[in-house]
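Below: the structure, in structure tokens.
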Amino acid sequence: MSSVLDSLNPAQKEAASHIDGALLILAGAGSGKTKTLTTRLAYLIDEIGIPAHNTLTLTFTNKASNEMRERALNLLTHHASSSPLLCTFHRFGLLFLKFYIHVLDRQNNFVLLDSLDKKNILKNFEMRLNLPLSYLRDGISNYKNNLITPQDALINAQSKEEKELARIYNLYTNQLNEQNLLDFDDLLLLPYQILKHDQSLCQEISKRYCYIMVDEYQDTNFLQFKLLELLCTSHQNLCVVGDDDQSIYSWRGADISNILNFQEYFQDAKLIKLEENYRSSIEILNTANTLIAHNANRIGKTLKSMQGHGDEVELLHFLDGNIEAKNIAKKILELKNKGIKPQEIAILFRLNALSRNLEESLSQYHIPYKLLGTIRFYERAEIKDILAYLRYLCNPSDDFSLSRIINNPRRGIGSSTQEKIFELAKMENKSVYELFMQDGYSSILSAKILDTLDKFFKMIDMLKDFLQTPYLLLEKIFEYTQILQTYDKSEESLDRLANIEEFAALLRDYFLQNPDDLLQDFLNNIPLHSNLDDADDSNCIRALSIHTAKGLEFDHVFVIGMENGLFPLMYEGSNLEEERRLAYVAFTRARKNLYVSYVDSRFYKGKTSHLEPSIFLKESNLIKQNKPSNTHDQAFNIGDRVVHKIFGNGRIEDIKNNGEMLVINFGGLIKTIMANFIQKLED
DNA sequence: TAGAAGCAGATTTTT
DNA sequence: TCTGCTTCTA
Numbered sequence: 037m038s039s040v041l042d043s044l045n046p047a048q049k050e051a052a053s054h055i056d057g058a059l060l061i062l063a064g065a066g067s068g069k070t071k072t073l074t075t076r077l078a079y080l081i082d083e084i085g086i087p088a089h090n091t092l093t094l095t096f097t098n099k100a101s102n103e104m105r106e107r108a109l110n111l112l113t114h115h116a117s118s119s120p121l122l123c124t125f126h127r128f129g130l131l132f133l134k135f136y137i138h139v140l141d142r143q144n145n146f147v148l149l150d151s152l153d154k155k156n157i158l159k160n161f162e163m164r165l166n167l168p169l170s171y172l173r174d175g176i177s178n179y180k181n182n183l184i185t186p187q188d189a190l191i192n193a194q195s196k197e198e199k200e201l202a203r204i205y206n207l208y209t210n211q212l213n214e215q216n217l218l219d220f221d222d223l224l225l226l227p228y229q230i231l232k233h234d235q236s237l238c239q240e241i242s243k244r245y246c247y248i249m250v251d252e253y254q255d256t257n258f259l260q261f262k263l264l265e266l267l268c269t270s271h272q273n274l275c276v277v278g279d280d281d282q283s284i285y286s287w288r289g290a291d292i293s294n295i296l297n298f299q300e301y302f303q304d305a306k307l308i309k310l311e312e313n314y315r316s317s318i319e320i321l322n323t324a325n326t327l328i329a330h331n332a333n334r335i336g337k338t339l340k341s342m343q344g345h346g347d348e349v350e351l352l353h354f355l356d357g358n359i360e361a362k363n364i365a366k367k368i369l370e371l372k373n374k375g376i377k378p379q380e381i382a383i384l385f386r387l388n389a390l391s392r393n394l395e396e397s398l399s400q401y402h403i404p405y406k407l408l409g410t411i412r413f414y415e416r417a418e419i420k421d422i423l424a425y426l427r428y429l430c431n432p433s434d435d436f437s438l439s440r441i442i443n444n445p446r447r448g449i450g451s452s453t454q455e456k457i458f459e460l461a462k463m464e465n466k467s468v469y470e471l472f473m474q475d476g477y478s479s480i481l482s483a484k485i486l487d488t489l490d491k492f493f494k495m496i497d498m499l500k501d502f503l504q505t506p507y508l509l510l511e512k513i514f515e516y517t518q519i520l521q522t523y524d525k526s527e528e529s530l531d532r533l534a535n536i537e538e539f540a541a542l543l544r545d546y547f548l549q550n551p552d553d554l555l556q557d558f559l560n561n562i563p564l565h566s567n568l569d570d571a572d573d574s575n576c577i578r579a580l581s582i583h584t585a586k587g588l589e590f591d592h593v594f595v596i597g598m599e600n601g602l603f604p605l606m607y608e609g610s611n612l613e614e615e616r617r618l619a620y621v622a623f624t625r626a627r628k629n630l631y632v633s634y635v636d637s638r639f640y641k642g643k644t645s646h647l648e649p650s651i652f653l654k655e656s657n658l659i660k661q662n663k664p665s666n667t668h669d670q671a672f673n674i675g676d677r678v679v680h681k682i683f684g685n686g687r688i689e690d691i692k693n694n695g696e697m698l699v700i701n702f703g704g705l706i707k708t709i710m711a712n713f714i715q716k717l718e719d
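In this note's numbering, the protein residues as written are 37 to 719.
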């Protein structure tokens, strides 16, 4: 009898046919991870007979979940009576909250904030300390992802900065509660709180999803782990796939220990490694393997290429960033002339700033390109303006959106008036709308301004009549506010108008396809959209950051900017092993050809600096180590543990003069010492 | 109130 | 170099 499993190799088959109990699949780059997961899903449903709606498959990107859904459904031979739930963590949270947020005494007309909104809300708080917004933004995210409540944060804050952060966290949480807003982290945090709080619901949900799969498990954070733990209350059927070598989001709270400790947590967990790579040539894989072997903190696996030999990895060296960009453009032209499809070519960089030179050169050589990861469509100011109207109409307690629209287009409600009305509403613990309806502003505002406000809110009320017909509502917004007329004939304005038009089309399409959805559903889907989702297969080469490239693959890949300081990127708190994993991810995107380039000097942050080739070029053997004389055949790497006769044990922080000199940190004491006097400690 | 000018700061960003 | 934010001035 034939089975969906027949197309798998033995390790993949073992993984896909595993039914009950925890399973950790360590899947190297290009090892057929998606194939294994989708086949397992099809196998469970089709051949074991598990109802599709009892499965839950969680991914990190829409792209991944869409691809998996398509592939899994294709593998099903019987017509399933229900469909498997296959979505991102965040979308799962959103779905869940629509049904269960009432457990926390909140209404389900909540509005989902994107990262820009979050930043803007934080900006509005009065600061007692001058802290960078990113500190607050990430700090609050960290609290939530580590299940630290605002109260705990306040109690445990030590430094001045922490105290201020905790204070803002409190204010922020209160505002979100009052205005019924959610941020991204809430999509995971609130479901966790609900399930933790309501044990019978937790049992029910856990029994409903009795087969759970998680993709990219190396990128889960503590909160995601705790949520999974609750979802597995009634069973242990958790199958996770990940690659510790591809963990590149620790700065966002991804916790590699989730994967390293999986077997400790799930005592009977089975471990299966997928080490056969079906993507890259032997040459590319050797380069990547040689590099990643320098990481100490890994489970350890070596990918074997199933593709056979190909071209050597090409190391390119240029004088500066301009010349680099020009030459890469020329190389790409050559590839195109050989008949290679542009969408099979990608340029990857560690820093988005490096894409500037590229853009110039690519257009100079008339090479169509798509720069991924720049401003998202829905984050454009003109779109956010329209969205703010729509959001406010759905949720009149959303004073945050109100602040965006109240004087846009200009209607004479300036910043001093705004300050007064928002301030008073806050003091009275009411929304601005509520307070205005109760005549709460007559004592502090002039009759003229009150009249203007009255007109504004009357308009809002009239617009609310069209909430059931979103597309008509949008037209009415344009008509009543005359917002489109604020744009002139400049090129920029025309661009913005075109974007608004596109938005209108998207909204109309959405409701044609989902006629039963509410406007609010449409709005809350928007922040979950990424710019990767609408990257079509047009005839363009791709230029993108390595982070954005994770999970993608191309025949021909250029990795640029391989210079010490830029890649590995050095900054306070930088993590060399994670930088190395990034390089590993970059290299393993390539199927046939990998080009790696570095320059002698680069213009960055307003100045030109002289740069050394990346340490990764030596570690991956792309630059042959030229060994310093008189050493005992030791190759040192940044991060190595070493010993010195006088100073004792230390760790290498930097390497100078081609390896002759080492900068070593001996427990806080930093010394630059000749490599000859240093002995490497093996782990 | 609104545009102009001046100034700091610039890692990555699946959702 | 470029962007986005604050401050200045009409």
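Beta carbons: idealized from backbone N, C-alpha and C, even for Gly. This one's a predicted model, so the numbers in the text were calculated from it and none came from an experiment.
Reference residue i, options the options, closest by Cα
i    : options                : result
S650 : S478, L183, G695, R244 : G695
L555 : L352, N144, H330       : N144
S478 : I457, K491, K466       : I457
S437 : C123, I157, D141       : I157
K99  : K494, C123, R416, A108 : C123
L630 : K367, I714, Y523       : K367
R164 : E197, E470, D153       : E197
S117 : P168, G85, F302        : G85
R173 : Y523, S38, K377, D153  : D153
E415 : F539, E455, L653, E311 : F539
Beta-carbon proximity of residue i to residue j, cut-off 8 Å
i    : j    : result
K306 : L266 : no
C275 : L559 : no
E50  : I295 : no
L351 : V679 : no
D222 : S177 : no
Q254 : A202 : no
T72  : L44  : yes
I674 : L588 : no
N373 : S341 : no
I383 : I411 : no
L3   : V250 : Lying outside 37 to 719, the shown extent of the chain, residue 3 is not represented and no answer is given.
L111 : T75  : yes
F672 : I659 : no
DSSP-derived helix/strand/coil call for residue i
i    : result
N294 : helix
C430 : helix
S39  : coil
S650 : coil
L717 : coil
A324 : helix
H126 : helix
Y405 : strand
T667 : Low local confidence applies: a pLDDT of 42 at T667 is under 50, so the model's placement there is unreliable, and no value is given.
A47  : helix
E515 : helix
L165 : coil
V468 : helix
K340 : strand
I284 : coil
K500 : helix
Opening and closing residue of the beta strand (DSSP E) in which residue i lies
i    : result
F702 : 697–702
D591 : 590–595
I308 : 306–310
R392 : First-last for R392: 391–400, but that is the alpha helix (DSSP H), not the beta strand (DSSP E).
Host alpha helix (DSSP H) of residue i (start-end)
i    : result
S170 : 169–181
E360 : 357–373
S610 : It is not in any alpha helix (DSSP H) - S610 carries neither H nor E in the DSSP assignment.
L263 : 258–267
L226 : 222–233
Residue i - partner residues in DSSP beta bridges
i    : result
G675 : For G675, which the question treats as bridged, DSSP gives no partner whatsoever.
C275 : L59, M249
F111 : Inspection of the sequence shows that residue 111 is occupied by Leu rather than by Phe. DSSP output for L111 lists no bridge partner at all.
R578 : A382, K406
D690 : V699
K643 : Y640
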